[in-house]
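Taking it in order: structure first as structure tokens, then the write-up.
Protein chains: 2
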Amino acid sequence: MSYVKKLKCLLCGKEYTSKEVKYNCPQCGDEGILEVIYDYSGIKKDFNPVILEKNKEFSMWRYLPLLPIDDPTKIGPLKVGWTPLYEAKRIREDLGMPNFWIKDDGRNPTASLKDRPSALAVVKAQELGEEIVTCASTGNAASSLAGAAASVGLKSYIFVPQTAPAAKIAQLLVFGATVFAVRGSYDKAFDLSIEATREFGWYNRNTAFNPYMVEGKKTVALEIIEQMNFDVPDYLFVPVGDGCIISGVAKAYKEVFSLGFITHLPKLVAVQAEGCKPIVDAVNGDGKVKFVEPNTIADSIAVGIPRNRLMAVRDVKESKGFGVAVSDKEILEAIRYLGVKQGIFAEPAGAAAFAGMLKALKEGIISKKDKVVVLITGNGLKDVESAKKAGGEALVIDPCLEAVKEVIKKHIKEDEQL
Amino acid sequence: MSYVKKLKCLLCGKEYTSKEVKYNCPQCGDEGILEVIYDYSGIKKDFNPVILEKNKEFSMWRYLPLLPIDDPTKIGPLKVGWTPLYEAKRIREDLGMPNFWIKDDGRNPTASLKDRPSALAVVKAQELGEEIVTCASTGNAASSLAGAAASVGLKSYIFVPQTAPAAKIAQLLVFGATVFAVRGSYDKAFDLSIEATREFGWYNRNTAFNPYMVEGKKTVALEIIEQMNFDVPDYLFVPVGDGCIISGVAKAYKEVFSLGFITHLPKLVAVQAEGCKPIVDAVNGDGKVKFVEPNTIADSIAVGIPRNRLMAVRDVKESKGFGVAVSDKEILEAIRYLGVKQGIFAEPAGAAAFAGMLKALKEGIISKKDKVVVLITGNGLKDVESAKKAGGEALVIDPCLEAVKEVIKKHIKEDEQL
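Note that the protein sequences, when read in sequence, are chains A and B. First residue of the first sequence? That's 214 in our numbering, and the numbers climb one at a time after it. First residue of the second sequence? That's 214 in our numbering, and the numbers climb one at a time after it.
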């Protein structure tokens, strides 16, 4: 059995046992997201730096004592988590930032951070004896859930906006999911998936509806904490759509702090696209989230109605962090910069956090000496169309040396003038 | 300094020091590929199961004593290798094969096995003080070299066939490579890259030209050996293009055998597409490789003139293995099967080895009780067009519950009839 003590409603504060509720607070409805509270004094026996040092499970499951898993035999086979935290030496030198790190979570099985909560969702589904899982997603949660479900033999019915990138839809189909490509935005797909869940009784993994998803997402920050040897960055830049990842990051730090293994908390920075920045505006303003129509190439964070808005805004404000919005152009430039300087290929939402960091640096909100971690949430192979916009064109030539020489003369010189 | 003793020509047997030659045997030319010979008695002090057990470097570099690296400070930052070896429980059950494993090497930084030799190539280039690296590639070697080069600050000039999948070219460009998309096959691009290397003096990473690439590739098998706890499979299925990966696998097993840490060698099975099977025909026949015009969707193994043919045919024959050719249809079915049954998304060449295993099983060449490892060499996100052919279509619907119900009634019933 897990160390979960109770599920507590974000809105009304009412507490439930995990047996009493499946999704949100029955009293408060949609906004009554439940937070998982553990027996931390019990956890301390199983989770501390000495035990971690000896732990040979190099995946998200090395943090099992801090996860809501009752039956670990239901954990799927895919290796999720323990993605690299890079010191990013070339970027450090280029920017003059000696304390800069990149966490590359595109290195997960289906190439995004969403593999973490999805791996957890299929354990919970199996614990409940469910056979069908569902979710709505801009694409990454979807493909991760479909992959995780396939790996343990569950069926998946997935709702995505029809405009999701081809690669993400292709992944879903290869994993054998039944894919509903909804004519409309992610926000529409989300509502529809909830309706369908109520109608058909499937197990739903939706962000800010299923209370356990923040728990899966927090493992990325538990890794950062351990990989930084329990040192804490000044700022942690996170791309924000629904706001569930940033709340996962916040929860990891708060829990490890309350366990006494770190001395303070990092400031969390919410990064969104200029064409869709409801959370950024809220955390930089009065805290109230106003819904928008998304307009950005960063599909994974094109969320006009952020489902985890209350928790996300609370967490950023509590951390004394802030929000930054970046243009699509800045996102594309960040994709190229990460590729050229560090050999990391990020999808637009993944690169957004880095673009946000550059902007905060330029505007003097953070300084070059600050200890900064940027979270990359998905691999660029997920969205080749955007990558093409970032990377430019190949030089098509005939197979002869003369053609090579000509190109070199012309293009390389242009390059050198840049 | 490394434990490299000499480089020995595959054809004439002449031995060189690593300082004397850069690429092939000067006497024998193109076919005179050099093999790296180590001081194995020296290696034994630094490489054995007890030392490995304590080694905390979970990447290809945990095998440093068996690699030709003179200056380890030149190793790049990207985390390459230590990819998962899956017990693939659901496939074991489905096929009735209790001793079946999958090595998923699509989990490397640029999503293919080729990150291993490319990581090694950029170390060698830096050791030699080179500033520009080049290669010809069907796509994966290219993107891996471009990524590795970017991560350490080298320039890369890359030759690919114009027909390489969009994702692979997008990767190259994001990594800042100068990309020559050659009007012609991989085989033409290969020749042109050698010409350009001679003309411009770049450092060339081409397979079966640069003697160190087999060394990088062998790390995948060193991992399999260690992950199987020094137990040896009966058969190891490997997709074959130039034939360099399968020779890397062979070398790993031979070296660990000669060090005394395994009791015997596995039979190696070369898998190719029916539309391009020069190596398969050679190993199943008289050993002579006849060149062909490639015709297959599996672009990574669409190699009509396999550059490492002599070594590959020798290695498969010596291992008492064989060759299998699979149709493009079988490859697409294998992509879907791996996705649906195990949540692994492979590119066509990556899935080819699995398709070959199924065929060998069906034809009774191997039995269900055999201990079998299948090597998946690249992630399906590399080639979304093929994935679409394998996965089918999403169901486009209006955002209303009625539409979901209708689809479920229609499509799910069809599904159940399958």
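Idealized CB from N, CA, C, for every residue including glycine.
Just verifying my parser: in three-state terms, what is the DSSP assignment at residue i?
i                     : result
residue 274 (chain B) : helix
residue 559 (chain A) : strand
residue 410 (chain B) : helix
residue 339 (chain A) : helix
residue 502 (chain A) : coil
residue 332 (chain A) : helix
residue 347 (chain B) : strand
residue 239 (chain B) : coil
residue 472 (chain B) : coil
residue 457 (chain B) : helix
residue 536 (chain B) : strand
Of all the CB atoms in chain A, is at least one closer than 9 Å to the CB of residue i?
i                     : result
residue 606 (chain B) : yes
residue 631 (chain B) : With a pLDDT of only 47 at residue 631 (chain B), under 50, the local geometry of the prediction cannot be trusted, and no value is derived from it.
residue 382 (chain B) : yes
residue 437 (chain B) : no
residue 613 (chain B) : yes
residue 470 (chain B) : no
residue 397 (chain B) : yes
residue 228 (chain B) : no
residue 416 (chain B) : no
residue 322 (chain B) : yes
residue 276 (chain B) : no
Note down the Cα distance separating residue i from residue j, rounded to an integer number of angstroms.
i                     : j                     : result
residue 241 (chain A) : residue 387 (chain B) : 46 Å
residue 517 (chain B) : residue 426 (chain A) : 49 Å
residue 298 (chain A) : residue 338 (chain A) : 31 Å
residue 430 (chain B) : residue 420 (chain B) : 10 Å
residue 580 (chain B) : residue 574 (chain B) : 6 Å
residue 520 (chain A) : residue 370 (chain A) : 20 Å
residue 248 (chain B) : residue 491 (chain A) : 60 Å
residue 616 (chain B) : residue 610 (chain B) : 6 Å
residue 499 (chain B) : residue 402 (chain B) : 29 Å
residue 332 (chain A) : residue 250 (chain B) : 44 Å
residue 434 (chain A) : residue 357 (chain A) : 19 Å
residue 355 (chain B) : residue 557 (chain A) : 15 Å
residue 570 (chain A) : residue 462 (chain A) : 17 Å
residue 412 (chain A) : residue 618 (chain B) : 9 Å
Report yes or no: is there a C-beta of chain B within less than 9 Å of the C-beta of residue i?
i                     : result
residue 506 (chain A) : no
residue 363 (chain A) : yes
residue 442 (chain A) : no
residue 592 (chain A) : yes
residue 597 (chain A) : yes
residue 387 (chain A) : yes
residue 240 (chain A) : no
residue 520 (chain A) : no
residue 291 (chain A) : yes
Decide if residue i is buried, meaning its Cβ has at least 16 other Cβ atoms within 10 Å, or exposed.
i                     : result
residue 214 (chain A) : exposed
residue 592 (chain B) : buried
residue 239 (chain A) : exposed
residue 631 (chain B) : Unreliable positioning characterises residue 631 (chain B) in this predicted model, as indicated by a pLDDT of 47, which lies under 50. A coordinate reading is not provided.
residue 504 (chain B) : exposed
residue 285 (chain B) : exposed
residue 481 (chain A) : buried
residue 269 (chain A) : exposed
residue 522 (chain A) : buried
residue 317 (chain A) : buried
residue 453 (chain B) : buried
residue 417 (chain B) : buried
residue 225 (chain B) : exposed
residue 508 (chain A) : exposed
residue 263 (chain B) : exposed
residue 255 (chain B) : exposed
So does the stretch 556-564 of chain A actually touch the stretch 506-513 of chain A, counting three or more Cβ pairs closer than 8 Å? Contact holds: three or more Cβ-Cβ distances are below 8 Å.
The stretch 578-596 of chain A contacting the stretch 442-455 of chain A, beta-carbon criterion three pairs below 8 Å: In short, these stretches touch, since the Cβ pair count reaches three.
Stretch pair the stretch 320-329 of chain A + the stretch 294-310 of chain A: three plus CB contacts closer than 8 Å: At 8 Å Cβ cutoff, the stretches touch.
Assess, as a yes-or-no matter, whether the stretch 597-605 of chain A is touched by the stretch 539-549 of chain A under the definition of 3 or more beta carbon pairs within less than 8 Å. Output reads yes: the stretch 597-605 of chain A touches the stretch 539-549 of chain A.
Give a yes or no on contact between the stretch 529-539 of chain A and the stretch 343-354 of chain B, applying the rule of three or more CB pairs nearer than 8 Å. Contact fails: fewer than three Cβ-Cβ distances are below 8 Å.
Cβ contact (3+ pairs, closer than 8 Å) linking the stretch 524-533 of chain A and the stretch 477-491 of chain A: Contact annotation: the stretch 524-533 of chain A touches the stretch 477-491 of chain A, with at least three C-beta pairs closer than 8 Å.
Is it true that the stretch 350-367 of chain A meets the stretch 387-397 of chain A, where meeting means three or more beta-carbon pairs spaced less than 8 Å apart? Yes: the two stretches touch, three or more of their Cβ pairs being nearer than 8 Å.
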